[in-house]
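Enquirer: Structure in structure tokens, see below.
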Amino acid sequence: MSWVGRLFDARDTLARMLLLDLSGVGYLVVGAHGRPGPTATQWALAVAAFAVALLCHRRPLLNLLLQCALLVVALALVDDSLINQVGASWALLELTMRAARPRTFWLAAGLLAVIDVSDLVGDPVREVLTGVFGLAVTVGLPVLLGLVVRTTRELARQAEERAAAEQRRSESESRAARADERSAIARELHDVLAHHVASMVLRVGVARHVLPDLDPRVGAVFDDVHGTGTAALTDLRRLVAVLRQPDGVRGDAALTAIEPSALPAALGATVDRARQAGITVEADVDPAVGTLDAVRGQAVLRLTQEALTNVAKHAGAAARARLTVSVVDGAVHWAVADDGRGAAPAVVPAGGGHGIVGMRERVEVLGGRLEAGPTGDGWRVRTVLPPASPDESAGTPAGRSRPAPPEPT
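Just add 18 to the spot in the sequence shown (first one is 1) and you have our numbering.
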């Protein structure tokens, strides 16, 4: 911001008014040198103008109206109305800088001009012409300076918005590039590791069955290795099923993984971003979501992001949405519904939009079924992600119990 914008910053209005009042007091005390001192009426009108300027420094329109009223009284009662003239002109400057609509300060400028011109009625033509040209100082200069400050602030605001937009674009491109690279690495890791991990799990499973009379502690180690390898293979299959969707991978920063324990905070951040976009969001998130496995936790987060984005696109910023996430017996119950306020009744073709298709595919990978459709005036999308199977949660073949590791000796 230029020096003009800093000098007339809205946060410094009280300081400017205080300096203006001190200048007025100095004029009354010192400026009348060689002339009769200010009268009691002039002091009363000046003190009233000083008080109004300080008390109404946050309300420029009220300040202007009161200063104009005091100016009218001063023009009628005292010969030297400079204090009240300066007070009204300065109030016009503050109003021009801060008024929400230009019409407000243009009307205020017209009011002050009428007051000044009315004082010239009955004067000689020369004095009338001098007074009319004097309006350039008492009215024109405050409006001109106020417009300069308004323009400076607007340009500074636009520059800040452009810088912020450029930063967001740069960050978005950076995240997308990182996501693309991570996706490629993930697929390569699967291709390299899947065969070896599967071979290890198979050999451990064979060893558990062909070696008779194993020490229970050795059997526990075999079971733990087999379970860990099986769980790793399951997670690899699930992730690759998502990663190998070309339309959903290229340029999609949504594949960046999060820790399961961070899921509640990530959901909260998603809700906050939706609220910043103008949507009213009510969130009911079960703290137990922080205990979900990485794949289902990732799915819950991506479904929430996509659903709230769809609310903003189709229901508008005036919509109210409700997010519900709960964990019941290991199954994740998830739903987002909106009231459709601000949007015309939507006509959705069969199969929904691309976003719904992506959400449905992500849910089906995990064994769930996505339901999406109108409800009342709004739209609701919901699903139930089934709990991890015993094989996946315990990491052992179905029907085989996993012995507890022995107590340390």
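Think of the CB as a built atom: it goes at the ideal place given N, C-alpha and C, for glycine as much as any other residue.
Please check the pair Leu-341 and Asp-302, which I expect to be a contact at CB under 8 Å, by giving their CB distance rounded to whole angstroms.
Expert: The C-beta separation of Leu-341 from Asp-302 comes to about 7 Å, placing the pair in contact by the 8 Å criterion.
Enquirer: Please confirm whether Thr-114 and Pro-160 have their CB atoms less than 8 Å apart.
Expert: yes
Enquirer: Going by the CB atoms, is the gap between Leu-388 and Arg-378 shorter than 8 Å?
Expert: yes
Enquirer: Tell me whether the beta-carbon of Leu-403 lies closer than 8 Å to the beta-carbon of Gly-376.
Expert: no
Enquirer: When you compare only the Cα positions, how much space is there between Gln-323 and Asp-347?
Expert: 25 Å
Enquirer: Using alpha carbons as the reference points, say which of Ala-194, Gly-286, Leu-32 and Leu-321 lies closest to Arg-76.
Expert: Leu-32
Enquirer: Thr-57 by DSSP, collapsed to three states: which one?
Expert: coil
Enquirer: On the DSSP bridge list, what partners appear for Arg-340?
Expert: Glu-300 and Ala-355
Enquirer: What is the rounded straight-line gap between the Cα of Leu-95 and the Cα of Asp-137?
Expert: About 12 Å.
Enquirer: Tell whether a beta-carbon distance below 8 Å holds between Val-355 and Gly-296.
Expert: Here residue 355 turns out to be Ala, not Val, going by the sequence shown. In this structure, Gly-296 does not lie closer than 8 Å to Ala-355 by Cβ.
Enquirer: Expressed to the nearest angstrom, what Euclidean distance is found between the alpha-carbon atoms of Pro-405 and Ala-349?
Expert: 4 Å
Enquirer: Put Ala-195 into one of helix, strand or coil per three-state DSSP.
Expert: It is helical.
Enquirer: Buried or exposed: where does Val-318 fall if 16 or more other Cβ atoms within 10 Å of its Cβ makes it buried?
Expert: buried
Enquirer: Across the stretch 40-47 and the stretch 76-95, are there enough close Cβ pairs to call them in contact, namely three or more that are closer than 8 Å?
Expert: no
Enquirer: Terminal residues of the continuous alpha helix (DSSP H) containing Thr-288?
Expert: 281-294
Enquirer: Cβ of Val-96 within 7 Å of any heavy atom in the ligand ZN?
Expert: Within the structure as shown, the ligand ZN is missing, as the structure has no ligands at all.
Enquirer: Should Trp-352 be labelled buried (16 or more other beta-carbon atoms within 10 Å of its own) or exposed?
Expert: buried
Enquirer: Quick check on Ser-107: buried or exposed, where buried means 16 or more other Cβ atoms within 10 Å of its Cβ?
Expert: buried
Enquirer: With 16 other CB atoms within 10 Å as the buried threshold, where does Val-155 fall?
Expert: Exposed.
Enquirer: Please go through the same chain and pick out, in chain order, the residues whose beta-carbon is closer than 7 Å to the beta-carbon of Gly-358, but skip the five residues on each side of it.
Expert: Here the set comprises Ala-333, Ala-337, Asp-395, Gly-396 and Trp-397.
Enquirer: Got a sec, what are the start and stop residues for the beta strand (DSSP E) Pro-392 sits in?
Expert: 389-393
Enquirer: State buried or exposed for Val-329, treating a residue as buried only when at least 16 other CB atoms are found within 10 Å of its CB.
Expert: buried
Enquirer: Could you pull the DSSP bridge partners for Arg-400 from this structure?
Expert: In DSSP, Arg-400 forms a bridge with Ala-353 and Glu-389.
Enquirer: In whole angstroms, what separates the C-alpha of Arg-116 from that of Leu-129?
Expert: 18 Å
Enquirer: Can you tell which of Leu-72, Ala-64 and Leu-73 has the C-alpha that lies nearest to the C-alpha of Leu-89?
Expert: Ala-64
Enquirer: Bridge partners for Val-381 per DSSP, in chain order?
Expert: DSSP lists no partner for Val-381.
Enquirer: Going by DSSP in three states, Val-345 sits in which element: helix, strand or coil?
Expert: strand
Enquirer: Is it the case that the Cβ atoms of His-214 and Arg-226 are separated by a distance below 8 Å?
Expert: Taking C-beta atoms as the reference points, His-214 and Arg-226 fail to come closer than 8 Å.
Enquirer: Is the shortest distance between the beta-carbon of Val-155 and the beta-carbons of chain D less than 8 Å?
Expert: The chain inventory of the structure shown lacks chain D, comprising one protein chain alone.
Enquirer: Which value, in whole angstroms, describes the spacing of the CA atoms of Val-135 and Gln-103?
Expert: The straight-line gap from Cα to Cα measures roughly 13 Å.
Enquirer: What did DSSP end up calling Pro-428 once you bin it into helix, strand or coil?
Expert: Since the displayed the chain opens at 19 and closes at 427, residue 428 lies outside it and no answer follows.
Enquirer: Tell me the residue span of the alpha helix (DSSP H) that contains Cys-86.
Expert: 78-95
Enquirer: So, is Val-224 buried or exposed, given that buried needs 16 or more other C-beta atoms within 10 angstroms?
Expert: exposed
Enquirer: What's the gap between the Cα of Asp-253 and the Cα of Ala-390?
Expert: 27 Å
Enquirer: Taking the beta carbon of Pro-56 as the centre, do at least 16 other beta carbons fall within 10 Å, making it buried, or is it exposed?
Expert: Within a 10 Å sphere around the beta-carbon of Pro-56 sit 16 or more other beta-carbons, which makes this residue buried.
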